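Participant:
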Amino acid sequence: VAGVSASSPSSSPSSSPSSSSSPSSSSCSSQASLIQTSDDSSRPAQRACRSFLRGDSSALRVCGAVLVALLFGVALVAFNDADMITGSDVVLSTQDVQMLDKEDSQFQDRISRQMRQLMKRAKKEEANADEESHEGLSLDTKAKRTCKIAEVLQNTDDGLENRARTQKEAATSLEGRAAELLGAANIEQKTFEALHKKGSSLKEAGQNLMTSGTKLLSKGKALNATTHGKEKEKEKTEGDKKEDKAKKILAQAHVILSKATLHKNKADELRAEADRTSKAAQAVMQLGEKFERRAVSHRLKTMTYRSKCTMMRAKAEAALRKAEDEAKNAEVLHNIFKPKK
63 VAGVSASSPS SSPSSSPSSS SSPSSSSCSS QASLIQTSDD SSRPAQRACR
113 SFLRGDSSAL RVCGAVLVAL LFGVALVAFN DADMITGSDV VLSTQDVQML
163 DKEDSQFQDR ISRQMRQLMK RAKKEEANAD EESHEGLSLD TKAKRTCKIA
213 EVLQNTDDGL ENRARTQKEA ATSLEGRAAE LLGAANIEQK TFEALHKKGS
263 SLKEAGQNLM TSGTKLLSKG KALNATTHGK EKEKEKTEGD KKEDKAKKIL
313 AQAHVILSKA TLHKNKADEL RAEADRTSKA AQAVMQLGEK FERRAVSHRL
363 KTMTYRSKCT MMRAKAEAAL RKAEDEAKNA EVLHNIFKPK K
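Numbering (this note's numbering), first residue to last: 63 to 403.
This is the structure:
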C-alpha cells in the first residue's frame, strides 16, 4: 500500500485534487468495508479461542479451523485489494494508508496474542500431561505394592486357616483318645471293684474260718486227755483242718486283693493319662481357635488391601488416561500454530 501511494503522484501529476479525491474516497470505502469484513470474520475465531482459553476443550478444533480459514480469508482480501489497487489509478492519502496500516497491525496483534495464548495453553497441557503421567506411574507402583501385600496376606490367611484346621483336628483326636482312656479306666475300676469285693469276701470267710479253727484248738487243749481223749483229738483235728482251710482261703483272698490293687492302680493311671490328654486337647483347641481368630483378622486385612489395590489401580488408570488426553490436546494445539508438513 505504501508503494502504491508513493508511485501514484508521479504517474498522474496533472490530475486535479477534485478528480483524485473521488476515486480515493471510493477506494477507502471499499478498503474499509473489506477490513470490516475481515474483522467480522475474525470474531468467530476470537469467540472460539476465548471459549477454549476459558477451559472449553470442545472448542479446540473449531478454534484451529476458524483461524486457518481466517488466515486464508485475510490473504484473499489482501490479494483482491492488490488487484483493485493495481488495476485502477487510485491515489490513497496518507491518512488512508495509516488507517489501513493501523487496522492491519491491530488484526495481526490480535492474531499474535491469540497464538501466544494457544502456545501458553499448549505448554500448560504438556505440563499437566507430565504431572498426570508421573502421578499415574506413582499410583501404579503403589497399586502393585499394595496388591503384592494383599497376595502375601492371602497366603498367610490360607496358612493360618490350615493351621487352625490342623489344630482343631488334633484337639478332636486328643479328646477321642482321652475318652478312650476314661473308658479303659472305668473298665479297670469295675474290675477292681469286682475283685476287691470277691477278695474281701474270701478274706472275711478265711478269717472267720481261722477264728473257728482257733476256737476248736483252744477247746481241745482245754479238755483232759485222760477222760476226754477222743473228743480232744477230734477238736484238735477239726481245728487244724479249719485253720489250714482258712489259710488257703486267706492266701487266695490275698492274691485276689493284689490283683484288685493292680487294677485299681491301672485305673488311676489311665484316669490320670486321660486327664492329661483332655488338658492337652483343650490347649490344642485353644491354639486352633487362636489361629482361627488370627485367620479372620488376616482375612479382613486382606480384603482391605485388596480394596486398596483395586482403588489404586483405578486411580492410576484414570490418571494415565487423563495424561494421554492432555498430551493429545497439547499436540492438537501445537498443530494449530505449527502445522505438520
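All residues carry an ideal CB built from backbone N, CA and C; glycine is no exception.
Just so you know, these numbers come straight off a predicted model, no measurement behind them.
Quick check: the Cα distance between residue 384 and residue 397, rounded to an integer number of angstroms?
Facilitator: Working through the sequence shown from its first residue, we reach residue 384 at position 322. Working through the sequence shown from its first residue, we reach residue 397 at position 335. Near 20 Å, if we compare the C-alpha coordinates of residue 397 and residue 384.
Participant: Could you tell me the distance, in whole angstroms, from the CA atom of residue 299 to the CA atom of residue 254?
Facilitator: For this step, residue 299 is matched to residue 237 along the sequence shown. For this step, residue 254 is matched to residue 192 along the sequence shown. Rounded to the nearest angstrom, the two C-alpha atoms are 37 Å apart.
Participant: CB of residue 379 to nearest heavy atom of the ligand GTP: below 6 Å?
Facilitator: As presented, the structure is devoid of all ligands, the ligand GTP included, so that no description of it is given.
Participant: With a Cβ-Cβ cutoff of 7 Å, do residue 406 and residue 311 count as a contact?
Facilitator: For the chain, the structure presents residues 63 to 403; residue 406 sits outside this window and is missing.
Participant: Mind the definition here: the stretch 302 to 310 touches the stretch 230 to 240 only if three or more C-beta pairs lie below 8 Å; say whether that holds.
Facilitator: no
Participant: With DSSP as the reference, label residue 340 as helix, strand or coil.
Facilitator: Here residue 340 corresponds to residue number 278 of the sequence shown, with the count starting at 1. The answer is helix: DSSP assigns residue 340 an H, G or I state.
Participant: Nearest-angstrom Cα distance between residue 271 and residue 301?
Facilitator: Sequence index remark: in the sequence shown, residue 271 carries index 209 (1-based). Sequence index remark: in the sequence shown, residue 301 carries index 239 (1-based). Spanning the two alpha carbons is a distance of roughly 9 Å.
Participant: If you drop the 5 nearest sequence neighbours on each side, which residues of the same chain put their C-beta closer than 8 Å to that of residue 360?
Facilitator: Along the sequence shown, read from residue 1 onward, the residue named residue 360 stands at position 298. Only 215, 218, 219, 222 meet the Cβ criterion.
Participant: Are any of the Cβ atoms in chain C nearer than 7 Å to that of residue 252?
Facilitator: The displayed structure is made up of one protein chain only, and chain C is not part of it.
Participant: Out of 211, 380, 278, point me to the one whose CA is closest to residue 365's CA.
Facilitator: By 1-based counting over the sequence shown, the position of residue 365 is 303. Among 211, 380, 278, the Cα nearest to that of residue 365 belongs to 211.
Participant: Quick check on DSSP: helix, strand or coil for residue 262?
Facilitator: Start at 1 with the first residue of the sequence shown, and residue 262 comes out as number 200. The answer is helix: DSSP assigns residue 262 an H, G or I state.
Participant: Count the CB pairs spanning the stretch 314 to 327 and the stretch 189 to 198 that are closer than 8 Å, and state whether there are at least three.
Facilitator: Output reads no: the stretch 189 to 198 does not touch the stretch 314 to 327.
Participant: For residue 297, I'd like the list of residues in its chain whose CB is within less than 8 Å of its CB, leaving aside the five on either flank, ordered along the chain.
Facilitator: Translated into the one-based positions of the sequence shown, residue 297 becomes position 235. Closer than 8 Å at Cβ, skipping near neighbours: 278, 279, 281, 282, 285.
Participant: For residue 376, count neighbouring Cβ atoms within 10 angstroms of its own Cβ and tell me buried if that reaches 16, exposed if not.
Facilitator: Within the sequence shown, numbered from 1, the residue matching residue 376 stands at position 314. The residue in question, residue 376, is exposed, as its Cβ has fewer than 16 Cβ neighbours within 10 Å.
Participant: Label residue 313 either buried or exposed according to how many other C-beta atoms from any shown protein chain fall within 10 Å of its C-beta, with 16 as the threshold for buried.
Facilitator: In the sequence shown, residue 313 corresponds to position 251, counting from 1. Classification for residue 313: exposed.
Participant: Output yes or no for whether 7 Å exceeds the beta carbon distance between residue 198 and residue 382.
Facilitator: Translated into the one-based positions of the sequence shown, residue 198 becomes position 136. Translated into the one-based positions of the sequence shown, residue 382 becomes position 320. Cβ atoms of residue 198 and residue 382: closer than 7 Å.
Participant: Where does residue 362 land, buried or exposed, given buried means 16+ other C-beta within 10 angstroms?
Facilitator: Counting from one through the sequence shown, the residue named residue 362 turns up at place 300. Residue 362 is exposed by the Cβ-count criterion.
Participant: Three or more beta-carbon pairs under 8 Å between the stretch 322 to 333 and the stretch 223 to 232, yes or no?
Facilitator: no
Participant: By DSSP, does residue 195 sit in helix, in strand, or in coil?
Facilitator: For the purposes of this step, residue 195 is taken as residue 133 along the sequence shown, with counting starting at 1. Residue 195: helix per DSSP, three-state reduction.
Participant: Which of the three DSSP states is assigned to residue 155 in this structure?
Facilitator: The count along the sequence shown starts at 1 and reaches residue 155 at position 93. Of the three classes helix, strand and coil, the one that applies to residue 155 here is coil, per DSSP.
Participant: Look at residue 208 and residue 371 and say whether their C-beta atoms are less than 7 Å apart.
Facilitator: What you label residue 208 is simply residue 146 of the sequence shown in a count that begins at 1. What you label residue 371 is simply residue 309 of the sequence shown in a count that begins at 1. The answer is yes: Cβ separation under 7 Å.
Participant: Taking its Cβ as the centre, do 16 or more other Cβ atoms sit within 10 Å of residue 339, making it buried, or is it exposed?
Facilitator: Within the sequence shown, the letter at position 277 stands for residue 339. Per the 10 Å Cβ criterion, buried.
Participant: Where residue 186 and residue 386 are concerned, what is the direct C-alpha to C-alpha distance, given to the nearest angstrom?
Facilitator: Residue numbering aside, residue 186 sits at position 124 when the sequence shown is read from its first letter. Residue numbering aside, residue 386 sits at position 324 when the sequence shown is read from its first letter. Cα to Cα, residue 186 sits roughly 14 Å from residue 386.
Participant: Just to confirm, are residue 188 and residue 392 a CB contact at a threshold of 7 Å?
Facilitator: For the purposes of this step, residue 188 is taken as residue 126 along the sequence shown, with counting starting at 1. For the purposes of this step, residue 392 is taken as residue 330 along the sequence shown, with counting starting at 1. Their beta carbons are under 7 Å apart, which means residue 188 touches residue 392 by this criterion.
Participant: Taking the beta carbon of residue 373 as the centre, do at least 16 other beta carbons fall within 10 Å, making it buried, or is it exposed?
Facilitator: On the sequence shown, residue 373 is found 311 positions in, with the first residue counted as 1. Exposed, by the Cβ-count rule.
Participant: Excluding the 5 residues flanking residue 342 on each side, which residues of the same chain have their C-beta closer than 6 Å to its C-beta?
Facilitator: Here residue 342 refers to the residue found at position 280 when the sequence shown is read from its first residue. Contacts found: 236.
Participant: Could you check the C-alpha separation between residue 261 and residue 322 for me, to the nearest Å?
Facilitator: Here residue 261 corresponds to residue number 199 of the sequence shown, with the count starting at 1. Here residue 322 corresponds to residue number 260 of the sequence shown, with the count starting at 1. Each residue's Cα considered, the two are about 8 Å apart.
Participant: In angstroms, rounded to a whole number, what distance separates the CA positions of residue 162 and residue 181?
Facilitator: If you number the sequence shown from 1, residue 162 lands on position 100. If you number the sequence shown from 1, residue 181 lands on position 119. When rounded, the distance between both Cα atoms is 28 Å.
Participant: Only counting the same chain, and skipping five residues up and downstream in sequence, which positions put a Cβ closer than 8 Å to that of residue 227?
Facilitator: For the purposes of this step, residue 227 is taken as the residue at position 165 of the sequence shown. Cβ neighbours of residue 227 beyond the five flanking positions: 350.
Participant: Compare the C-alpha of residue 273 against each of 259, 250, 304, 247 and name the closest.
Facilitator: Locating residue 273 in the sequence shown gives position 211, counting from the first residue. Answer by Cα proximity: 304.
Participant: Using the beta-carbon count (16 or more within 10 Å), is residue 98 buried or exposed?
Facilitator: As a position in the sequence shown, residue 98 is number 36, starting the count at 1. Low local confidence applies: a pLDDT of 45 at residue 98 is under 50, so the model's placement there is unreliable, with the coordinate-based value given in what follows. That one is exposed.
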